[in-house]
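Chemist:
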Amino acid sequence: MTDEIATAATTPADRFGEVRAGRVRRTVPVVGFAARAAGGRLAAGLRERAGNAGAVDEFHQRTAVRYAELLGHSKGVLMKAGQLLSTYETDAVDAGPFSVYQQALERLQADAPPMDPTTARELVERELGAPLDELFTEFSPEPIAAASIGQVHEARLPDGRHVAVKVQYPGVAQAIRDDLANTELLATFMKLGMSLTPRGMRTDQRSAAAEIAERIAEEVDYRHEARNITRFADLYRGHPLIRIPDVVPERSTARVLTMTFIDGIDWARARSADQELRNHWSRTIGLFAFGAYRHSNMFNADPHPGNYRFGTDGTVGFVDFGCVKQFPEYVRQGIVATFRATCDGDRDRVFALAQTHGFIGPDSDLTADDAFAWWSMMCATAIGPQPHKFVSADSTVLLRSLFDDSHEGGVSRRLSIPSDYVMLARINLGIDAVLADLGACIDTLDLANAVDGVGEPLTQETRLHREWVHERGLPFGMDPNR
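The structure is reproduced here in structure tokens:
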């Protein structure tokens, strides 16, 4: 363990008090680690070529643990960025080095150390301006969930309402502001991630970093998440399958967020449910994930299974809205039109849309066949035989296309990814991972048709969703009048 990582891992203030702040203090460890990792990868490659079999694999195994250790104690932008990489379900054999880092980073989803009860209580009282016993008749001293920016307590209001109270870690807002003020930090993080594999995708790292930074910055102010929750709750009001909490504004501030409690089965129990029920949940998750930006231009860009609450009636509750993306209408149109053209097998239209929306420049040598092959890979779970059985290989194929020497890999590295689309890749890969972990076997094209208003629904879930859209007077993805 490096000195910087050891310091981060043992600093008491990082665990239960103020998060370490300061632009230089928070930047030095990752910059130093990046330099050593790049040199270590080169040295490992030389040792392997000299006959030391497995030297590169050993390098990745050691470095992945240190990488996760460093990010796990930052409680700021880097931890959030690490979590973005940790939720992709991959096949460990086929995904190569990426899977090693993905597995090491998985612990960031569960190992965030919580505040002690006294600190949490004092913060809530200071933010809401009253003793805890006056604010809540019940308040669990220990959190029911802990993450990178805050932790969640179960509570009850004086009027009897069952609520969840999210409390932000002391100092995390300033730590993130320090991170975001340093324009090199996220770019360095992304360069590090790319340097750890032999063939990284050629992308505008600064543009991608800026998009990620914008989403993360929004999470610091819980008032922003409160607005997101209200927007989603209003959108899905009365939905037969999708449950969204309501914000309790009089118990919410920039650092404390209170919402109605969404009960249900947790992820561990959901994974062991019978196949039919898991398929019901999977269809509901798909309708939520891809329906919101079809019906209202926004989507929840954090498809982490810990944010779901599963009902035995097939309903699913969604409880975290810190990371939400609002698509400009022309971007939404481009996403839906390209998907539908790919489903229709219209190569020329896919190519024209890729040019119009900035994926393929005027001087590019990519052809219509190249563009169609790449988008077909992106849409494979919907355009292949149905129902589709989700497996880890679904994500592995997409991730390998960014790093390997296949034809698709060559196309990937010659495409330009506009910043508005960076988070879309996260939700596509994230939902594939969630459905693979649930063992879903569902008609994915039927879900897409339901939110786009194409054809006739084939399942109970898609029929109910289509009826709800009509009752609410909402637009479909392919609505020409919107």
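So for the sequence shown, this note's numbering puts the first residue at 109; every next one is plus one.
Backbone N, C-alpha and C define an ideal beta-carbon position, used for all residues, glycine too.
#1: Among residues of its own chain, excluding the 5 on either side of A558, which ones have a beta-carbon nearer than 6 Å to its beta-carbon?
#2: Should the region 271-279 be regarded as contacting the region 378-387, the criterion being three or more beta carbon pairs within less than 8 Å?
#3: Quick one: Cα of Y196 to Cα of R417, how far?
#4: Quick test of the definition: if touching needs 3 or more C-beta pairs under 8 Å, does the region 527-535 touch the region 403-416?
#5: Let's test the definition: count the other Cβ atoms within 10 Å of the Cβ of G585 and tell me whether it reaches 16, buried, or not, exposed.
#6: What is the DSSP secondary structure of G279, reduced to helix, strand or coil?
#7: Report yes or no: do the region 331-349 and the region 545-560 share at least 3 C-beta pairs separated by less than 8 Å?
#8: Are there 16 or more other CB atoms within 10 angstroms of the CB of N589, so buried, or fewer, so exposed?
#9: CB F467 to CB A548, shorter than 7 Å?
#10: Counting only C-beta atoms, is G547 closer than 7 Å to chain C at any point?
#11: Return the chain-ordered list of same chain residues with a C-beta closer than 6 Å to the C-beta of G419, the five sequence neighbours on each side being excluded.
#12: Considering just the uninterrupted stretch of the alpha helix (DSSP H) at H599, what are its terminal residues?
#13: Rounding to the nearest angstrom, what Cα-Cα distance links G490 and L395 in this structure?
#14: Can you have a look at A238 and say buried or exposed, based on whether 16 or more other CB atoms are within 10 angstroms of its CB?
#15: Assuming P353 contacts V542 (C-beta within less than 8 Å), just tell me the rounded distance between them.
#16: Among E230, D342 and S360, which has the Cα closest to the Cα of D329?
#17: Taking the Cβ atom as the reference point for each residue, do R264 and T245 lie within a distance shorter than 7 Å?
#18: Can you find the residues in the same chain that come closer than 8 Å, C-beta to C-beta, to L461, ignoring five residues on each side of it along the sequence?
#19: Exposed or buried, what is Y401 when buried is set at 16 or more other beta-carbons lying within 10 Å of its beta-carbon?
#20: What three-state label does DSSP hand Q463 in the structure shown?
#21: Helix, strand or coil for F447, going by three-state DSSP, please let me know.
#22: For A161, count neighbouring C-beta atoms within 10 Å of its own C-beta (all shown protein chains included) and say buried if the count is 16 or more, exposed if not.
#23: What separation, rounded to the nearest whole angstrom, lies between the Cα atoms of E235 and F429?
#24: P495 and I550: beta carbons closer than 7 Å?
#25: Out of L349, D478 and A501, point me to the one whose CA is closest to S521's CA.
#26: Residues in the same chain with beta-carbon distance under 6 Å from H347, minus the five sequence neighbours each way, listed in chain order, please.
#27: To the nearest angstrom, report how far apart M486 and D241 are at their CA atoms.
#28: Quick one: measure Cβ to Cβ for L537 and S503, integer angstroms, because I've assumed they're closer than 8 Å.
#29: Hey, would you say Q259 sits closer than 7 Å to P249, going by beta carbons?
#30: Counting C-beta neighbours from all protein chains within 10 Å, is the total for A376 16 or more, i.e. buried, or is it exposed?
#31: Among F459, Q568, R363 and D374, which has the Cα closest to the Cα of A281?
#32: Short of 8 Å in beta carbon distance, which residues of its chain neighbour A544, apart from the five on each side in sequence? Order them along the chain.
#33: Using a Cβ-Cβ cutoff of less than 7 Å, which residues in the same chain neighbour S524 once the five nearest sequence positions on both sides are dropped?
#34: Between L553 and M367, what straight-line distance do the alpha-carbon atoms span, to the nearest angstrom?
#35: Distance check for E437 and E579, CA to CA, integer angstroms please.
Modeler: On the basis of the data shown:
#1: Within the sequence shown, residue 558 is the residue found at index 450, counting from 1. So the list reads P565, T570, H573 and R574, once near-sequence residues are dropped.
#2: no
#3: Reading the sequence shown from its first residue, position 88 is the one you call residue 196. Reading the sequence shown from its first residue, position 309 is the one you call residue 417. Bear in mind that the predicted position of Y196 carries a pLDDT of just 45, short of 50, making it unreliable; the figure below should be weighed with that in mind. Rounded to whole angstroms, Y196 to R417 spans 20 Å at the Cα level.
#4: yes
#5: One-based indexing of the sequence shown puts residue 585 at position 477. Flag for G585 reads buried.
#6: Looking up residue 279 in the sequence shown gives position 171. Correct three-state label for G279: coil.
#7: no
#8: The residue given as residue 589 occupies position 481 in the sequence shown. By the neighbour-count rule (16 or more Cβ atoms within 10 Å), N589 is not buried but exposed.
#9: In the sequence shown, the residue the question calls residue 467 occupies position 359. In the sequence shown, the residue the question calls residue 548 occupies position 440. Their beta carbons are not under 7 Å apart, which means F467 does not touch A548 by this criterion.
#10: The structure shown has no chain C; it contains just one protein chain.
#11: Working through the sequence shown from its first residue, we reach residue 419 at position 311. Contacts found: G372.
#12: Here the chain comprises residues numbered 109 to 590, so residue 599 is not present and cannot be evaluated.
#13: By one-based count along the sequence shown, residue 490 stands at place 382. By one-based count along the sequence shown, residue 395 stands at place 287. It is Ala, not Gly, that sits at residue 490 in the sequence shown. Cα to Cα, A490 sits roughly 13 Å from L395.
#14: Walking along the sequence shown from the start, residue 238 turns up at place 130. Exposed, since its Cβ has fewer than 16 Cβ neighbours within 10 Å.
#15: Looking up residue 353 in the sequence shown gives position 245. Looking up residue 542 in the sequence shown gives position 434. Between V542 and P353 the Cβ distance is about 20 Å, and since that is not below 8 Å, they are no contact.
#16: Within the sequence shown, numbered from 1, the residue matching residue 329 stands at position 221. Nearest C-alpha to D329: S360.
#17: Counting from 1 along the sequence shown, the entry for residue 264 is found at position 156. Counting from 1 along the sequence shown, the entry for residue 245 is found at position 137. Yes.
#18: Mapped onto the sequence shown, residue 461 falls at position 353. Same-chain partners within the cutoff: G442, A445, T446 and A449.
#19: Along the sequence shown, one-based indexing puts residue 401 at 293. Buried, since its Cβ has 16 or more Cβ neighbours within 10 Å.
#20: Position 355 of the sequence shown, counted from the first residue, corresponds to residue 463. It is helical.
#21: In the sequence shown, the residue the question calls residue 447 occupies position 339. F447: helix per DSSP, three-state reduction.
#22: Residue 161 sits at position 53 when you count from the first residue of the sequence shown. By the neighbour-count rule (16 or more Cβ atoms within 10 Å), A161 is not buried but exposed.
#23: Stepping through the sequence shown from its first residue, residue 235 is reached at position 127. Stepping through the sequence shown from its first residue, residue 429 is reached at position 321. Each residue's Cα considered, the two are about 21 Å apart.
#24: Here residue 495 corresponds to residue number 387 of the sequence shown, with the count starting at 1. Here residue 550 corresponds to residue number 442 of the sequence shown, with the count starting at 1. Taking 7 Å as the Cβ cut-off, P495 and I550 qualify as a contacting pair.
#25: By one-based count along the sequence shown, residue 521 stands at place 413. For the record, residue 521 in the displayed sequence is Arg; it is not Ser. It is D478 whose Cα lies nearest to the Cα of R521.
#26: Within the sequence shown, residue 347 is the residue found at index 239, counting from 1. Excluding sequence neighbours, H347 sits near W576.
#27: For the purposes of this step, residue 486 is taken as the residue at position 378 of the sequence shown. For the purposes of this step, residue 241 is taken as the residue at position 133 of the sequence shown. In a straight line, the C-alpha of M486 is about 52 Å away from that of D241.
#28: On the sequence shown, residue 537 is found 429 positions in, with the first residue counted as 1. On the sequence shown, residue 503 is found 395 positions in, with the first residue counted as 1. Right, the Cβ-Cβ distance comes to about 5 Å (below 8 Å), so this counts as a contact.
#29: If you number the sequence shown from 1, residue 259 lands on position 151. If you number the sequence shown from 1, residue 249 lands on position 141. In this structure, P249 does not lie closer than 7 Å to Q259 by Cβ.
#30: On the sequence shown, position 268 is the one that residue 376 refers to. Under this definition A376 is an exposed residue.
#31: Indexing the sequence shown from 1 puts residue 281 at position 173. Checking every option, the nearest Cα to that of A281 belongs to R363.
#32: If you number the sequence shown from 1, residue 544 lands on position 436. E197, F498, V499, S500, D502 and S503.
#33: Taking the sequence shown and counting its residues from 1, one reaches residue 524 at position 416. The answer, listed in chain order, is G466, F467 and G469.
#34: The residue you call residue 553 lines up with position 445 of the sequence shown. The residue you call residue 367 lines up with position 259 of the sequence shown. Rounded to whole angstroms, L553 to M367 spans 34 Å at the Cα level.
#35: Here residue 579 refers to the residue found at position 471 of the sequence shown. Here residue 437 refers to the residue found at position 329 of the sequence shown. Taking the straight line from one Cα to the other gives about 23 Å.
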